[in-house]
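So the sequences go chain by chain: A and B. According to the working numbering, the first sequence is numbered sequentially starting from 647. According to the working numbering, the second sequence is numbered sequentially starting from 999. Beta carbons: idealized from backbone N, C-alpha and C, even for Gly. Here the structure is laid out as structure tokens; the discussion comes afterwards.
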Amino acid sequence: MSLIALRNVTKIYTSGSQHIAALSELSLFIKAGDFAVLAGPSGSGKTTILNMVGALDRPTEGAIAVDGVNYDDLSSRQLADFRLHRIGFIFQSYNLIPVLTAAENAEFTLLLQGIAPAERRARIDELFERLDIAELKNRRPGELSGGQQQRVAIARAIAPKPAVILADEPTANLDSHTAAELLNLMRELNEKEGVTFLFSSHDPQVIAHAKRVVRLRDGQLENDVRQPL
Amino acid sequence: MMTLTLAWRNLWRNRRRTLITLIAMSFSLMLVQGFHNLSFGVYAQMIDNGVRAGSGHISIYRGDYAVSRDDRLTFVPADLPQKIAALPGVDGVVERLYLPALAQSSRESRGILLTGIDPTAEGLVNPLLRRLDLPALLPSADGRDALIGSRLLQELRLEIGQKFVVTAQGADGELASELLFVRGTVESGIRNIDRSLVMVGRQRAALLAGRPDAVHEIAIMLNRPDESGAVLQRVRALLPPGDLQAIPWDAAMPNLANAIKLDYASQKFIFLVIVAIVSIGVVNTLLMAVMERLPEFGLLLALGASPWRLRAMVLCEALLLGLIAMLLGSALGSLLTWYLTDVGIDLRRFLPESMEFGGVIFDPVLRATWDFEYMLRMAILMPLLAALAAFYPANRAARTAPAVAMRNS
Ligand SMILES: Nc1ncnc2c1ncn2[C@@H]1O[C@H](COP(=O)(O)OP(=O)(O)O)[C@@H](O)[C@H]1O
Ligand SMILES: [Mg+2]
């Protein structure tokens, strides 16, 4: 069974009298443990898919289910709860809260889940070690490089052990060397811990790191290939 | 806990804006507290002066004499004054007889209010007579010695030591006259009093009125004006059955009470202006802070924070703002009050003559008195107002759409 299932999903944005079909009858299934990229030019619908898989937005038509839960059945409150417990997010920018330290940022989702401070600290300490950012714990986001910020975002995303991590162009603001490092780290987490990743990019170098490449064009599936590494 | 930390740090992200708002709020609180305490002090002093020169913190009359001033409403106090003087909280008791009369010198005549007093007792409590040696000037209760208002002295073209005649209607309706001698003058600064006051021993006035031993008023002075409610109960318990009434000063002197009420009403307006300043300041600051941070709120929502948590965050910022303003403003307000109690505002440079307010003169050096209850109420108002003002900004933050906020990357 698929971890993520999109069935005939259509998303139409209405701005004023204009209707923009961001996705048209798209179906996509992703298995647990995958490391898949949504590839495609700007405006092809990558963010729209990630937002809907992440329960940040609802489709106009079609059905979405993640980890066996059909989003149609959930209220927006329940969706928020589902996000909190089952989905990890890494965004391109505005990823961290500027007034919190790296550790506090990473702790944030655990805090929202009501996990006790001692356990939060323990998990974050361990993760920061693993992600090689232990010495950055007390820095504010403004004192971190782009790559370091994204590592903190990864720590925050995986700390609650979600079903899947969604990352919308996580390397768009990074130089290619840092981007490659981040991708390697994500891949390592995928291989060693079995964390499922679904991310988006239009950068061929980044796309090359994925196990599976889902190509989009104008809100539709162009092709879907597995690539060996 | 995290909400509080976040709120505190967010508050200082725009240090200058927060400081300006805080200063505006704190100064508002300082002004409200300081100036309330000032008028509180001035009123307290005015009331005390007025009360001591007038009908006392508590007065006893027969029937509706306080309102009607009907000369016939006299009574014989017997041992009532001594009993009242023995009550706890009572500073002094004086008995008075009032008699509208005509005063004639050899050259002029004027309408006057002849007041019969007990020289010794009156001298101890009445601030108008403070500088006079009453027992020397009016040595006996039935003597022919009189004190007269400074203006009346001029108008009658009299001098100290000269004689004049007062004529009044006695109990039997017949006119009666008495020869009196001017022994001293009284200057209250209030025109009406200074041109109509004649004080004589109470027995002399009673004889003229044809009502031996009778009085119109027993005026009771208290050690502590704020105890007047309790003492009033005790006084009422002592009154013999009949039509004697004990009433508090504000009922006995409605002019003064009304003048003070009116002035408090104008303070309410200032208070409203300050409420507006504080609310607008908080709304403005928080709304700007929220609008700047919409992407962040979007992030928090995307991560799974509930809209209520965002509301709580903004509310918490407002409360912190209000609490700091409460502490800072109260500190400043206390400093201002301390200055105003200690040094006061000296009006003598601006106003050469003594001032009258509601028929009572007051000290030209205005001094504050601490009104802690009021200060506390105003201080607590700060966080309350701030929380109220945070309502709209908090809702705006909670209404952020998580997806939209993430898009403008
Ligand atoms: N909120 C919106 N309102 C109107 N149109 C939108 C909105 N969001 C996205 N779109 C449109 O939907 C299409 C897909 O957008 P998006 O999913 O952001 O693409 P990508 O992430 O691949 O660049 C684009 O044409 C975009 O202009
Ligand atoms: Mg996009």
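Option nearest residue i by Cα separation, candidates the options
i	options	result
B/Val1213	B/Arg1015, B/Gly1039, B/Trp1010, B/Leu1078	B/Leu1078
B/Ala1166	B/Leu1177, B/Ile1158, B/Glu1157, B/Pro1238	B/Leu1177
A/Gln796	A/Thr842, A/Phe843, A/Glu772, A/Ala748	A/Ala748
B/Glu1215	B/Leu1242, B/Glu1371, B/Cys1314	B/Leu1242
A/Ile676	A/Glu750, A/Gly689, A/Val841	A/Val841
A/Asn741	A/Leu720, A/Ser847, A/Gly788, A/Arg732	A/Gly788
A/Ser673	A/Val860, A/Gln873, A/Arg872	A/Val860
B/Ala1388	B/Pro1362, B/Thr1367, B/Arg1309	B/Arg1309
B/Ala1399	B/Leu1195, B/Ala1235, B/Ser1304, B/Glu1172	B/Ser1304
A/Gly689	A/Asp703, A/Tyr659, A/Ala709	A/Tyr659
A/Asp821	A/Ile800, A/Ser846, A/Gln851	A/Gln851
B/Asp1248	B/Thr1003, B/Met1028, B/Leu1009, B/Ile1045	B/Ile1045
B/Glu1120	B/Asp1369, B/Met1219, B/Pro1246	B/Met1219
B/Ala1084	B/Val1233, B/Asn1190, B/Gln1160, B/Ser1107	B/Val1233
A/Ile695	A/Asp727, A/Val871, A/Thr817, A/Ser847	A/Ser847
B/Met1286	B/Ser1053, B/Arg1014, B/Ala1101, B/Leu1205	B/Arg1014
B/Thr1019	B/Asn1256, B/Ala1396, B/Ala1323	B/Ala1323
B/Arg1108	B/Ala1076, B/Ile1115, B/Leu1132, B/Leu1151	B/Leu1151
B/Ala1392	B/Arg1007, B/Trp1306, B/Lys1266	B/Trp1306
B/Phe1033	B/Leu1364, B/Arg1007, B/Ile1378, B/Met1380	B/Leu1364
B/Ser1104	B/Ile1058, B/Leu1154, B/Gly1159, B/Tyr1059	B/Leu1154
A/Leu812	A/Pro874, A/Ser661, A/Met698	A/Met698
B/Asp1361	B/Gly1187, B/Ala1076, B/Phe1162	B/Gly1187
B/Leu1002	A/Arg786, A/Pro874, A/Val745, A/Leu862	A/Val745
B/Ala1395	B/Phe1073, B/Leu1325, B/Asp1140, B/Leu1313	B/Leu1313
Short Cβ contact (8 Å threshold) for residue i with residue j
i	j	result
B/Arg1094	B/Thr1113	yes
B/Ala1207	B/Leu1126	no
B/Gly1327	B/Ala1384	no
A/Arg732	A/Ala809	yes
A/Ile650	A/Leu844	yes
B/Leu1230	B/Ile1056	yes
A/Ser663	A/Gly865	no
B/Leu1334	B/Met1028	yes
B/Gly1090	B/Val1123	yes
B/Met1289	B/Leu1004	no
B/Pro1117	B/Leu1097	no
B/Leu1009	A/Phe754	no
A/Ala799	A/Ile736	yes
A/His855	A/Arg833	yes
B/Val1164	B/Leu1205	no
A/Ala701	A/Leu725	yes
A/Pro705	A/Lys657	yes
B/Ala1228	B/Gly1087	yes
A/Ala752	A/Leu730	no
B/Ser1226	B/Pro1252	no
Proximal chain B residues relative to residue i, where beta-carbon distance stays under 8 Å
i	result
A/Val745	Leu1004, Arg1007, Asn1008, Arg1011
A/Phe735	Ala1300, Leu1301
A/Arg729	Ala1300, Leu1301, Gly1302
Chain-ordered chain A contacts of residue i [CB-CB under 9 Å]
i	result
B/Leu1313	The premise fails here: B/Leu1313 is roughly 17 Å from chain A at the closest Cβ pair, so nothing lies under 9 Å.
Cutoff 8 Å: residue i Cβ touching any chain D Cβ
i	result
B/Pro1381	Reference to chain D is not applicable here, since the protein chains of this structure are A and B.
Where residue i meets chain A, residues with beta-carbon distance less than 8 Å
i	result
B/Met1044	Those within 8 Å of B/Met1044 in chain A number zero; the least Cβ separation is about 53 Å.
Interface residues of chain A facing residue i [CB-CB closer than 7 Å]
i	result
B/Met1000	Leu757
B/Pro1400	Leu702
Proximal chain B residues relative to residue i, where beta-carbon distance stays under 7 Å
i	result
A/Ala682	Result: empty, since nearest Cβ-Cβ is about 20 Å, beyond 7 Å.
A/Phe843	Near A/Phe843 there are no residues of chain B at all, since even the closest Cβ is about 17 Å away, more than 7 Å.
A/Phe754	Leu1301
A/Ala809	Correct list: empty, because the minimum Cβ distance to chain B is about 13 Å.
A/Ala685	In chain order: nothing, as chain B lies at least about 18 Å away.
Within chain B, the residues that residue i reaches when beta carbons sit closer than 9 Å
i	result
A/Ala799	Per Cβ cutoff of 9 Å: no residues; A/Ala799 is ~10 Å from chain B at best.
Item checked: Shell residues, 5 Å Cβ cut-off relative to heavy atoms of ligand 1 -> A/Tyr659, A/Ser661, A/Ile666, A/Ala668, A/Ser688, A/Gly689, A/Ser690, A/Gly691, A/Lys692, A/Thr693, A/Thr694
Check: So, do the region 1035-1045 of chain B and the region 1336-1344 of chain B have three or more beta carbon pairs nearer to each other than 8 Å?
Finding: yes
Check: Is the region 771-783 of chain A close to the region 1019-1026 of chain B, with three or more CB pairs under 8 Å?
Finding: no
Notebook entry, point to check: Are at least three pairs of beta-carbons, each pair with one atom in the region 1190-1202 of chain B and one in the region 1056-1068 of chain B, less than 8 Å apart?
Noted result: no
Checklist line | Cβ contact check for the region 1134-1154 of chain B and the region 1173-1188 of chain B: 3 or more pairs under 8 Å | finding: yes
Check: Between the region 803-819 of chain A and the region 747-767 of chain A, do at least 3 Cβ pairs fall closer than 8 Å?
Finding: yes
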